[in-house]
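Enquirer: Residue numbers are given in the numbering used here: position 31 of the sequence shown equals residue 216, and the series is strictly consecutive.
From the three backbone atoms N, C-alpha and C, an ideal C-beta is built for every residue, glycine too.
Dropping a structure here in structure tokens format, bear with me for questions.
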Amino acid sequence: MQEDILINWSPQETRVAVVENGVLQELHVERTLERGLVGNVYLGKVARVLPGMQSAFIDIGLERAAFLHVADVWHPPAEGETISAARNQATQIPIEKQVFEGQSLVVQVIKDPIGTKGARLSTQISIAGRMLVFLPQDDHIGVSQKIPQAQRDALRAHLQALVADQGGGFILRTNGEDATEQELADDVAYLRKAWKRIREAATKLVPKSLLHQDLSLLQRVLRDLSTEHTQFIKVDSQEQFAVMQAFCQEFMPAAAQKLVHYKGERPIFDLFAIDEEIAKALGRRVELKSGGYLIVDQTEALTTFDVNTGGYVGARNFDDTIFKTNLEAAQAIARQLRLRNLGGIIIVDFIDMTPPEHRDAVLTEIRKQLARDRVKTMCGGFSQLGLVEMTRKRTRESLAHMLCEPCPLCEGKGIVKTPRSVAYDILREILREARQFNPKEFRVVASPKVIELFLDEESQHLAGLSEFIGKPVSLQSEAAMGQEQYDIVLL
186 MQEDILINWS PQETRVAVVE NGVLQELHVE RTLERGLVGN VYLGKVARVL PGMQSAFIDI
246 GLERAAFLHV ADVWHPPAEG ETISAARNQA TQIPIEKQVF EGQSLVVQVI KDPIGTKGAR
306 LSTQISIAGR MLVFLPQDDH IGVSQKIPQA QRDALRAHLQ ALVADQGGGF ILRTNGEDAT
366 EQELADDVAY LRKAWKRIRE AATKLVPKSL LHQDLSLLQR VLRDLSTEHT QFIKVDSQEQ
426 FAVMQAFCQE FMPAAAQKLV HYKGERPIFD LFAIDEEIAK ALGRRVELKS GGYLIVDQTE
486 ALTTFDVNTG GYVGARNFDD TIFKTNLEAA QAIARQLRLR NLGGIIIVDF IDMTPPEHRD
546 AVLTEIRKQL ARDRVKTMCG GFSQLGLVEM TRKRTRESLA HMLCEPCPLC EGKGIVKTPR
606 SVAYDILREI LREARQFNPK EFRVVASPKV IELFLDEESQ HLAGLSEFIG KPVSLQSEAA
666 MGQEQYDIVL L
């Protein structure tokens, strides 16, 4: 497998495309204005202590002072004491005895500012890596609760042996469940370097300085996306190329040789028609090379894939036609999950297959394709109704939720009423208004299609209603109105 990573950078947005064997498989987008502060570490200065609220306001250089509650002031647990017990014990000590005005504190943002409220802080620092979370002020070794209980003890012992006697605590994240010892060791080394930089910066910089910022998408590309299969990481910005080079030299020397500054005249995403693929990934229908197609529906609860043969009639018999369509669909579905970043429950409605060996082959194929996914997936077998159920871990917003918003005309339903349905709604509304009010005239303001219907096919019904209520009804076309929108003006 040949993998290239293409990076299109602009001041407002960074886009990263992962291309395998010439085909787009993943897209990552980060917008400058939407980047939060959670995870950032600051050298703050205590501005005010509020004993009545058991809180303090900390100036970290933002527009509004940030908020530190007594429960978020970190105290390392005593020997044999649990973290929750230590935290409960710490809240018994009044905050005015723990911090004072003018004091410098190393703090981390745990909640972004919202509206008029400032950011929420903690003095317990945690640094997230690719597979581990580093707790430099603690010696706790933990494992994600999402990993099955049966595996946790073995993983905890393995991690304990790896970081023994070096100080600090670690939590193994879910995506580190199957990590090799070398991958974990690399993550440990990166996290310890990051903490060393924070400590050094805290002694050199003035209060209200940023000591550590959660990695940007460009840096996460080097840390998380670059693998042994990656041939090149091409970036179209000279400035960002230099930033990535510096990051590589300090933290990821193995990735430095793969980094390339793209200087071509064509936009970098045109190399593999990435923008066209993005447009397709936002659509409901996915065409298969054989002539079949998928229908993808993303809802709040789950995502469904419906497989159809379409125009494919190329196989020798009906069973082979269905089998080949399902086999191609299995490959396409695995790609769409990665490209659209779909998470949660996923239901696939393959075309019904009679031979058991065909069903087994399709299941084997989709599991093989899902094994290439960086995000953890679980795929069950065929249910009694012939459906395949799977789950994929939610890591970030889906592509559609990131790039799109609900349609203001249909309000997210995906359909709108026909002009005739809207016309009949208007007739009913006029009748309702006529029973309550006594204007000289009713004026209907609606979309051109609805007005055109009233002037043509529904003119008799409108005239009959006007005669029944004894009031004239005039019409006004408004091009800016959606098909379901209308106003009834009383004159």
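Which residues mark the beginning and the end of the alpha helix (DSSP H) in which I332 is found?
Expert: In the sequence shown, residue 332 corresponds to position 147, counting from 1. Careful: I332 lies outside any alpha helix (DSSP H) and carries neither H nor E.
Enquirer: Quick check on DSSP: helix, strand or coil for H254?
Expert: Here residue 254 corresponds to residue number 69 of the sequence shown, with the count starting at 1. H254: strand per DSSP, three-state reduction.
Enquirer: Within the same chain, show all residues whose beta-carbon is closer than 6 Å to that of D491, passing over the 5 residues directly before and after it, in chain order.
Expert: Stepping through the sequence shown from its first residue, residue 491 is reached at position 306. Correct list, in chain order: I480, D534.
Enquirer: Could you say which of D323, V226, L317 lies nearest to D297 if we only look at CA atoms?
Expert: Here residue 297 is taken as the residue at index 112 of the sequence shown, counted from 1. Taking only the C-alpha atoms, the option nearest D297 is V226.
Enquirer: Using DSSP's beta-bridge definition, name the partner residues of Y671.
Expert: The sequence position of residue 671 within the sequence shown is 486, counting from 1. According to DSSP, which records beta bridges pairwise, Y671 is partnered with A631.
Enquirer: Along the alpha helix (DSSP H) that carries N193, what are the first and last residues, could you check?
Expert: Here residue 193 refers to the residue found at position 8 of the sequence shown. Looking at the DSSP string, N193 is not in any alpha helix (DSSP H); the run it does join, the beta strand (DSSP E), is 188-194.
Enquirer: Considering C433, what are the terminal residues of the beta strand (DSSP E) in which it resides?
Expert: Along the sequence shown, read from residue 1 onward, the residue named residue 433 stands at position 248. No beta strand (DSSP E) holds C433; the alpha helix (DSSP H) holding it covers 423-436.
Enquirer: If you check the beta carbons only, do D672 and V635 fall under 7 Å apart?
Expert: Position 487 of the sequence shown holds residue 672. Position 450 of the sequence shown holds residue 635. Against a cut-off of 7 Å, the Cβ pair of V635 and D672 comes out as no contact.
Enquirer: Which residue marks the beginning of the beta strand (DSSP E) containing N493, and which one marks its end?
Expert: Looking up residue 493 in the sequence shown gives position 308. Where N493 is concerned, the enclosing beta strand (DSSP E) stretches over 487-493.
Enquirer: Which runs of the alpha helix (DSSP H) at least 4 residues long sit entirely within the segment 332-419? Give them in chain order.
Expert: Listed in chain order, they are 334-347, 366-389, 402-405.
Enquirer: Could you please give me the residues that DSSP links to Y478 through a beta bridge?
Expert: Here residue 478 corresponds to residue number 293 of the sequence shown, with the count starting at 1. In DSSP, Y478 forms a bridge with E472, N493.
Enquirer: Between which two residues does the beta strand (DSSP E) containing G139 stretch?
Expert: The first residue shown for the chain is 186 and the last is 676, placing residue 139 beyond what the model contains.
Enquirer: Taking the Cβ atom as the reference point for each residue, do A251 and G327 lie within a distance shorter than 7 Å?
Expert: Looking up residue 251 in the sequence shown gives position 66. Looking up residue 327 in the sequence shown gives position 142. Against a cut-off of 7 Å, the Cβ pair of G327 and A251 comes out as no contact.
Enquirer: Whole angstroms are fine: how far does the CA of R405 sit from the CA of G224?
Expert: Taking the sequence shown and counting its residues from 1, the one referred to as residue 224 is at position 39. Taking the sequence shown and counting its residues from 1, the one referred to as residue 405 is at position 220. Distance between the alpha carbons of G224 and R405 is about 14 Å.
Enquirer: Do the segment 215-223 and the segment 465-481 meet, that is, are 3 or more Cβ pairs less than 8 Å apart?
Expert: Short answer: they don't touch.
Enquirer: Assess contact between the segment 647-663 and the segment 608-622, defined as three or more Cβ pairs (one per stretch) separated by less than 8 Å. Is contact present?
Expert: Touching, per the Cβ criterion.
Enquirer: To which residues of the same chain is H414 closer than 7 Å at the C-beta, ignoring the five residues directly before and after it?
Expert: If you number the sequence shown from 1, residue 414 lands on position 229. Contacts found: M186, E188.
Enquirer: For T539, does the three-state DSSP call read helix, strand or coil?
Expert: By 1-based counting over the sequence shown, the position of residue 539 is 354. Here T539 sits in coil by DSSP.
Enquirer: Should P604 be labelled buried (16 or more other beta-carbon atoms within 10 Å of its own) or exposed?
Expert: The count along the sequence shown starts at 1 and reaches residue 604 at position 419. By the 10 Å Cβ count, P604 comes out buried.
Enquirer: Using C-beta distances below 6 Å, list every residue in its chain close to S632, excluding the 5 sequence neighbours before and after it, in chain order.
Expert: Counting from one through the sequence shown, the residue named residue 632 turns up at place 447. Within the same chain, S632 has close Cβ partners M666, Q668.
Enquirer: Could you name the residues that DSSP lists as bridge partners for A665?
Expert: For the purposes of this step, residue 665 is taken as the residue at position 480 of the sequence shown. A665 pairs with nothing; no bridge assigned.
Enquirer: Alpha carbon to alpha carbon, how far is A439 from D371? Give it in angstroms, no decimals.
Expert: One-based indexing of the sequence shown puts residue 371 at position 186. One-based indexing of the sequence shown puts residue 439 at position 254. Whole-angstrom Cα-Cα distance: 11 Å.
Enquirer: Excluding five sequence neighbours on each side, which residues of the same chain lie with their C-beta closer than 6 Å to the C-beta of E663?
Expert: By one-based count along the sequence shown, residue 663 stands at place 478. Cβ neighbours of E663 beyond the five flanking positions: V630.
Enquirer: If I follow the unbroken beta strand (DSSP E) through G565, where does it start and stop?
Expert: Here residue 565 refers to the residue found at position 380 when the sequence shown is read from its first residue. Looking at the DSSP string, the run of the beta strand (DSSP E) that includes G565 is 562-567.
Enquirer: Quick check on A685: does DSSP put it in helix, strand or coil?
Expert: Because the chain spans 186 through 676 in this model, residue 685 falls outside it and cannot be assessed.
Enquirer: If you draw a straight line from the alpha carbon of D641 to that of N511, how long is it in whole angstroms?
Expert: The residue given as residue 641 occupies position 456 in the sequence shown. The residue given as residue 511 occupies position 326 in the sequence shown. So the two alpha carbons sit approximately 48 Å from each other.
Enquirer: Who pairs with R577 in a beta bridge, going by DSSP?
Expert: The sequence position of residue 577 within the sequence shown is 392, counting from 1. Paired residues: G529, T562.
Enquirer: Pull up the CB-CB distance for L290 and I243, whole angstroms please, since I reckon it's below 8 Å.
Expert: By one-based count along the sequence shown, residue 290 stands at place 105. By one-based count along the sequence shown, residue 243 stands at place 58. Sure, about 6 Å apart at Cβ, within 8 Å.
Enquirer: Would E513 and S475 qualify as a contact pair, given that the criterion is a beta-carbon distance under 7 Å?
Expert: In the sequence shown, the residue the question calls residue 513 occupies position 328. In the sequence shown, the residue the question calls residue 475 occupies position 290. Yes. Within cutoff.
Enquirer: With a threshold of 8 Å, are at least 3 pairs of Cβ atoms found where one atom belongs to the segment 514-526 and the other to the segment 556-574?
Expert: In short, these stretches touch, since the Cβ pair count reaches three.
Enquirer: Hey, Q197 and V204 are a contact pair by Cβ (cut 8 Å); roughly how many whole angstroms apart?
Expert: Along the sequence shown, one-based indexing puts residue 197 at 12. Along the sequence shown, one-based indexing puts residue 204 at 19. Going by Cβ atoms, the distance from Q197 to V204 rounds to 23 Å, so no, they are not a contact pair.
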